[in-house]
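Enquirer: So the sequence shown is residues 876 to 1482, counted in my numbering.
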Amino acid sequence: MKQILMGNEAIALGLIHADVDVVSGYPGTPSSEILTNYQKLKDKLNLTAYAEWATNEKVGYEVAYANAMSGKNSCATMKQVGLNVASDALMSSAYIGNIGAMLLISADDPGFYSSQTEQDSRTFAKFARIPVLDPASPQEAYDFVKLGVEISRKFESPFMLRPVMRVGHARGICEVEENHEFNPPKANFIKNTNRWAGVPPGPRSVQGGELLNKVEQIRDYNLQTFIAPKIAELKGAKTLCISSGVASTYVREAIEENKLDAEVLKLDMPYPLPYHKLDELCKSYEQVIIFEEPYPCIEEQLNAPNLLGKFSGHVHQIHEFSKEKVIESFKKARLFNDLNPYQASKFNAHSIASRPPTLCPGCPHRDVFYAMTRTFRSKNSIYVSDIGCYTLGLNQNAIDSFLCMGASVSMASGFSLAHPEKTVISTIGDSTFLHSGVTGLINAIYQKHKFILLIMDNSITAMTGRQTTPERSNPENIDIKRIVEGCGITCHEYVYKPDMNKTLDFMKELKEIYKTSDMPIVAVIREFCVLDKERSNKLLPHKLVSVDSDKCVECDTCISKYKCPPMSYGENHKVEIDPFLCAGCTACIDGLCPTDAFVLADLGEEK
876 MKQILMGNEA IALGLIHADV DVVSGYPGTP SSEILTNYQK LKDKLNLTAY
926 AEWATNEKVG YEVAYANAMS GKNSCATMKQ VGLNVASDAL MSSAYIGNIG
976 AMLLISADDP GFYSSQTEQD SRTFAKFARI PVLDPASPQE AYDFVKLGVE
1026 ISRKFESPFM LRPVMRVGHA RGICEVEENH EFNPPKANFI KNTNRWAGVP
1076 PGPRSVQGGE LLNKVEQIRD YNLQTFIAPK IAELKGAKTL CISSGVASTY
1126 VREAIEENKL DAEVLKLDMP YPLPYHKLDE LCKSYEQVII FEEPYPCIEE
1176 QLNAPNLLGK FSGHVHQIHE FSKEKVIESF KKARLFNDLN PYQASKFNAH
1226 SIASRPPTLC PGCPHRDVFY AMTRTFRSKN SIYVSDIGCY TLGLNQNAID
1276 SFLCMGASVS MASGFSLAHP EKTVISTIGD STFLHSGVTG LINAIYQKHK
1326 FILLIMDNSI TAMTGRQTTP ERSNPENIDI KRIVEGCGIT CHEYVYKPDM
1376 NKTLDFMKEL KEIYKTSDMP IVAVIREFCV LDKERSNKLL PHKLVSVDSD
1426 KCVECDTCIS KYKCPPMSYG ENHKVEIDPF LCAGCTACID GLCPTDAFVL
1476 ADLGEEK
C-alpha cells in the first residue's frame, strides 16, 4: 500500500509495523514528530502501547531499555545533542545488551538548522560499538525501523537509526504494510545477575569481550546483507564514490546529470564496516571519493591508499551536502572541469533585508527580558540563558551566553565565582529546568553560590512543537515552586500580567532581596505561550494597540530594546503597529514608552 508520508511519520508507522509498543524520549527538532505521530497512531488504531515524553533523554532511554531487557520491543527518540544526555546509559547498555529490541532514534541536524552543534550520531554509534542505519528517504526510514528491530533482537544489541533533518522533514511516497496485526512480544524479565547487574571488572570485562565479538558478527552481517549485493551491481567505472544517507542522493544525481565516469556505493549501515573487504574494493578503482555528512565516520574506518575525502581536503568538512558541493569535490578530484551547473546566483547582500530570530508577538518572555535588563543593567550584570524559546532573548541583548540544556544554572554558579562584583542572572524554561536544571540548582544551594535564577514557566515545551511538560500533565503532584522549596530555599513567584509596571516591580523586589542574600535567589514566573491556544485565549486581552503619533518622540526604546515584531517606523518617522501582527496583549501600554504613546486602538474591538 502506498502512502505519502513525512519521514518522521514513516518512522512512527514503521515502529507500529515492527511491533514496538514502548516509545519514550524527549522532544527536539528534527525528531519531535516521531513520538507525537506514534501517539496519534496508537490512539487512532486503539493499540495497547506506551508512548510518553520523559523529563530528559537519559530517562527516556532508560525507560525504554528496561523494557528491552524484559523482551519487549522498545524505542527511545531524541535529537543528536540529546544523545549526549543519554550517553551514560547508552554506553553501558551496549555492553549489557538486550533480549527484546532496543531501538535508539537519534535525529541529526547537518547545517545547524535548529541545533547548537552539528555532531554526527554515527560516530556516537561507533563510540558505543553499536550498529547504525542511515536512511536517505522516508521510504528507507520506514524500512530501516523494521530492519533495526530485527537486527537488535538477532544480536541482542541496542541499535541506532540516524535520520537527518532532510529525511525526517521530507515527504515521499512510501510503500508500507497494509492491515498489519499489531502483536508486540510480552514482557518476561529473566533474572541473571552476572548479565544485568555485572559489576566491573569481572562480569563487565567479560561483556566487553562479548561486545567486541558481537561487533565482528554485525560487521560480517553488514557485508553479506547490505554491501555484497551492491558491490555485485557495480560496473567498474574509473571513480568510486562511497556514501551513506542523504549525501548519496546528491552524489548520484550529480553523476547522472553530468554523465561522469563514476559510480556510487551507498552504505546503509555505516558502522560497523567490513573494512578489509572495502579496502580491497577501493584498490580496483583509480580513485575513491567518500561523501558523508557531517563527520568522516566511514572515512575513519577505511585505509586504502587512493581515498579522497574530508581528510584530503577534497570534501567539505562542515554543513550539509548539496549538488553544488558535490561538483566542487569532483572538480578537486579532476572529474569535472566545466563551470559548476549548480552554482547559486550571487545576490547583493543589501537586496534582501535580514531579520534576526525574535520572540513571537505577545510572548511574555519579551516582557520578562525587558524588565530584567532595565532592572539589572548590562554593565554590572551577566545574563546566562539556556536552550529554548527564551534563547531568542539574544535579540533584546538579554543573553550573554548559553551552552546546553540546563547549563544556565551551573554556569551562573561559575560566573558568580569569577565575578562576585557583578549580578549574575540566569534564565531557564520550565521544561529545561525539569530536564537538567534541578541538579545545577542543588549544587548552587549546596555550595552557596549567589545569583538570581528566573524560571520562565510557560507550561509547555514551546520551541519543539508545544509538547506537554511534567508539571502541565500532573500539576497536583509536580510543581516547580515546591521542587525549589524542597531544596531548602524560598521560591518567589510571579503570575505574569501583560502590564510592564508590574513585571518591573517584581524585578525590583528580587534586586532588593539579592542585596542581603548569600544564596541563590530563585523565582518562578508563571507565563503562557501565545501559540498555546488552550491557555493563551483565556489570558490574552485580545485588544489592539496603536500609537499616538503626537506623543511619540522617536526615543527608540520600543524598537531597539523591547523589539516586538509589529512595531516599526512609518513614513512619518513615528512608530507604528501592524494590526495583522499584533497579538493584542496590551503589554506595551503601561511602563514601556516614556511618553505613554501606546494606546488602545480606536476600534476597541476584540481581535
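Virtual Cβ for every residue (Gly too), placed ideally from N, Cα, C.
Could you give the residue range of the beta strand (DSSP E) that holds H1367?
Expert: Taking the sequence shown and counting its residues from 1, the one referred to as residue 1367 is at position 492. Segment 1366–1370, the beta strand (DSSP E) holding H1367.
Enquirer: If we ignore side chains and look at the alpha-carbon of each, how far apart do E1451 and L1406 end up?
Expert: Along the sequence shown, read from residue 1 onward, the residue named residue 1451 stands at position 576. Along the sequence shown, read from residue 1 onward, the residue named residue 1406 stands at position 531. Cα-Cα distance, rounded: 24 angstroms.
Enquirer: Which of the three DSSP states is assigned to I1165 in this structure?
Expert: Residue 1165 sits at position 290 when you count from the first residue of the sequence shown. Here I1165 sits in strand by DSSP.
Enquirer: Counting only C-beta atoms, is E937 closer than 8 angstroms to chain B at any point?
Expert: Among the chains of the structure shown, chain B does not appear; only one protein chain is present.
Enquirer: Is DSSP giving K954 helix, strand or coil here?
Expert: As a working mapping, residue 954 is identified with position 79 in the sequence shown. Strand.
Enquirer: Please classify F1211: does DSSP put it in a helix, a strand, or coil?
Expert: For this step, residue 1211 is matched to residue 336 along the sequence shown. Reduced to three states, the DSSP call for F1211 is coil.
Enquirer: Apply the 10 Å Cβ neighbour rule to E1481 and answer buried if 16 or more other Cβ atoms are within range, or exposed otherwise.
Expert: Position 606 of the sequence shown, counted from the start, is the residue given in the question as residue 1481. Since pLDDT at E1481 reaches only 44, below the 50 mark, its modelled position is unreliable, and no value is offered.
Enquirer: Taking the alpha carbon of R1079 as the reference point, which residue from I971, I1358, E1387 has its own alpha carbon closest?
Expert: Numbered from 1 along the sequence shown, position 204 holds the residue referred to as residue 1079. For R1079, the nearest C-alpha among the options comes from I971.
Enquirer: I'd like the span of the alpha helix (DSSP H) that includes L916, first residue to last.
Expert: The count along the sequence shown starts at 1 and reaches residue 916 at position 41. Its alpha helix (DSSP H) spans residues 907–919.
Enquirer: Short of 7 angstroms in beta carbon distance, which residues of its chain neighbour G1479, apart from the five on each side in sequence? Order them along the chain.
Expert: If you number the sequence shown from 1, residue 1479 lands on position 604. With a pLDDT of 45 at G1479, under the threshold of 50, the modelled position of this residue cannot be trusted, and the question is left open.
Enquirer: With DSSP as the reference, label D1095 as helix, strand or coil.
Expert: Here residue 1095 refers to the residue found at position 220 of the sequence shown. Note: D1095 maps to helix in three-state DSSP.
Enquirer: Starting from G1047, follow the alpha helix (DSSP H) in both directions and report where the run begins and ends.
Expert: If you number the sequence shown from 1, residue 1047 lands on position 172. First-last for G1047: 1046–1050, but that is the beta strand (DSSP E), not the alpha helix (DSSP H).
Enquirer: Determine the burial state of L1087: buried for a count of at least 16 other Cβ atoms within 10 Å of its Cβ, exposed for fewer.
Expert: Position 212 of the sequence shown, counted from the first residue, corresponds to residue 1087. Answer is exposed; the Cβ neighbour count stays below 16.
Enquirer: Below 8 angstroms, can you find three or more Cβ-Cβ pairs linking the stretch 1020–1037 to the stretch 897–914?
Expert: no
Enquirer: Please classify A1462: does DSSP put it in a helix, a strand, or coil?
Expert: Residue mapping note: residue 1462 aligns to position 587 of the sequence shown, counting from 1. Of the three classes helix, strand and coil, the one that applies to A1462 here is coil, per DSSP.
Enquirer: Inspect the CB distances between the stretch 1359–1371 and the stretch 938–956 and report whether three or more fall short of 8 angstroms.
Expert: no
Enquirer: E1480 by DSSP, collapsed to three states: which one?
Expert: The residue you call residue 1480 lines up with position 605 of the sequence shown. For E1480, the predicted structure reports a pLDDT of 45, less than 50, and the residue's modelled location is therefore unreliable. A value from the coordinates is still provided. In this structure, E1480 counts as coil in the three-state DSSP scheme.
Enquirer: Taking the C-alpha atoms as reference points, what is the distance between P1231 and N1270?
Expert: Position 356 of the sequence shown, counted from the start, is the residue given in the question as residue 1231. Position 395 of the sequence shown, counted from the start, is the residue given in the question as residue 1270. Cα to Cα, P1231 sits roughly 7 angstroms from N1270.
Enquirer: Taking the continuous alpha helix (DSSP H) assigned at M1280, which residues delimit it?
Expert: Translated into positions along the sequence shown, residue 1280 becomes position 405. No alpha helix (DSSP H) holds M1280; DSSP gives it neither H nor E.
Enquirer: Which value, in whole angstroms, describes the spacing of the CA atoms of K1200 and K1206?
Expert: In the sequence shown, residue 1200 corresponds to position 325, counting from 1. In the sequence shown, residue 1206 corresponds to position 331, counting from 1. Distance between the alpha carbons of K1200 and K1206 is about 10 angstroms.
Enquirer: How would you label M876, buried or exposed, when you count the other beta carbons within 10 angstroms and need 16 or more for buried?
Expert: As a first step, residue 876 must be located in the sequence shown, where it is residue number 1. With fewer than 16 other Cβ atoms within 10 Å, it is exposed.
Enquirer: Within its chain, find whatever has a CB closer than 8 angstroms to the CB of V1422; leave out the 5 residues flanking it on each side and keep chain order.
Expert: Here residue 1422 corresponds to residue number 547 of the sequence shown, with the count starting at 1. Cβ within range, chain order: K1449, V1450, E1451, I1452, A1472, F1473, V1474.
Enquirer: So, under 8 angstroms CB-CB, V1190 and I1165 are touching, yes? Tell me the CB distance rounded to an integer number of Å.
Expert: Taking the sequence shown and counting its residues from 1, one reaches residue 1190 at position 315. Taking the sequence shown and counting its residues from 1, one reaches residue 1165 at position 290. The Cβ separation is near 7 angstroms, so the contact holds.
Enquirer: State the Cα-Cα distance for the pair L1181 and D1154, rounded to the nearest angstrom.
Expert: Position 306 of the sequence shown, counted from the first residue, corresponds to residue 1181. Position 279 of the sequence shown, counted from the first residue, corresponds to residue 1154. The residue you asked about is not Leu; residue 1181 is Asn in the sequence shown. So the alpha carbons of these two residues sit roughly 10 angstroms apart.
Enquirer: In the DSSP output, what is S877 paired with across the bridge?
Expert: Working through the sequence shown from its first residue, we reach residue 877 at position 2. In the sequence as presented, Ser is not what sits at residue 877; that position holds Lys. In the DSSP output, where bridge partners are listed per residue, K877 has E1050.
Enquirer: Would you tell me roughly how many angstroms separate the C-alpha atoms of K1158 and A1179, rounded to the nearest one?
Expert: The residue you call residue 1158 lines up with position 283 of the sequence shown. The residue you call residue 1179 lines up with position 304 of the sequence shown. Rounded to whole angstroms, K1158 to A1179 spans 7 angstroms at the Cα level.
Enquirer: Can you list, in chain order, the residues of its chain with a C-beta nearer than 6 angstroms to that of R1127? Leave out the 5 residues immediately preceding and following it.
Expert: Start at 1 with the first residue of the sequence shown, and residue 1127 comes out as number 252. Here the set comprises V1139.
Enquirer: Please classify M1442: does DSSP put it in a helix, a strand, or coil?
Expert: If you number the sequence shown from 1, residue 1442 lands on position 567. M1442 falls in the strand class under three-state DSSP.
Enquirer: According to DSSP, S899 sits in a beta bridge with which residue or residues?
Expert: As a working note, residue 899 is residue 24 in the sequence shown. Per DSSP, E927, A951.
Enquirer: In whole angstroms, give me the CA-to-CA distance for P1145 and V1007.
Expert: Locating residue 1145 in the sequence shown gives position 270, where the first residue counts as 1. Locating residue 1007 in the sequence shown gives position 132, where the first residue counts as 1. Cα to Cα, the separation comes out at about 7 angstroms.
Enquirer: Please determine, among V1020, G1315, G1111, L1467, the residue with the shortest C-alpha to C-alpha distance to Y1245.
Expert: Along the sequence shown, one-based indexing puts residue 1245 at 370. Selected option, being the one with the closest Cα: L1467.
Enquirer: Measuring alpha carbon to alpha carbon, tell me which residue in C1463, G1315, Y1444, D1380 is nearest R1241.
Expert: Position 366 of the sequence shown, counting from 1, holds the residue named residue 1241. Of C1463, G1315, Y1444, D1380, the residue nearest in Cα terms is C1463.
Enquirer: May I ask you to list the residues that DSSP assigns as paired with D1332?
Expert: Within the sequence shown, numbered from 1, the residue matching residue 1332 stands at position 457. Paired residues: R1401.
Enquirer: By DSSP, does I974 sit in helix, in strand, or in coil?
Expert: Taking the first residue of the sequence shown as position 1, residue 974 is located at position 99. DSSP, read as helix, strand or coil, puts I974 in coil.
Enquirer: Where DSSP assigns a beta bridge to Q1342, which residues make up the other side?
Expert: For the purposes of this step, residue 1342 is identified with residue 467 of the sequence shown, where counting begins at 1. DSSP lists T1336 as partners of Q1342.
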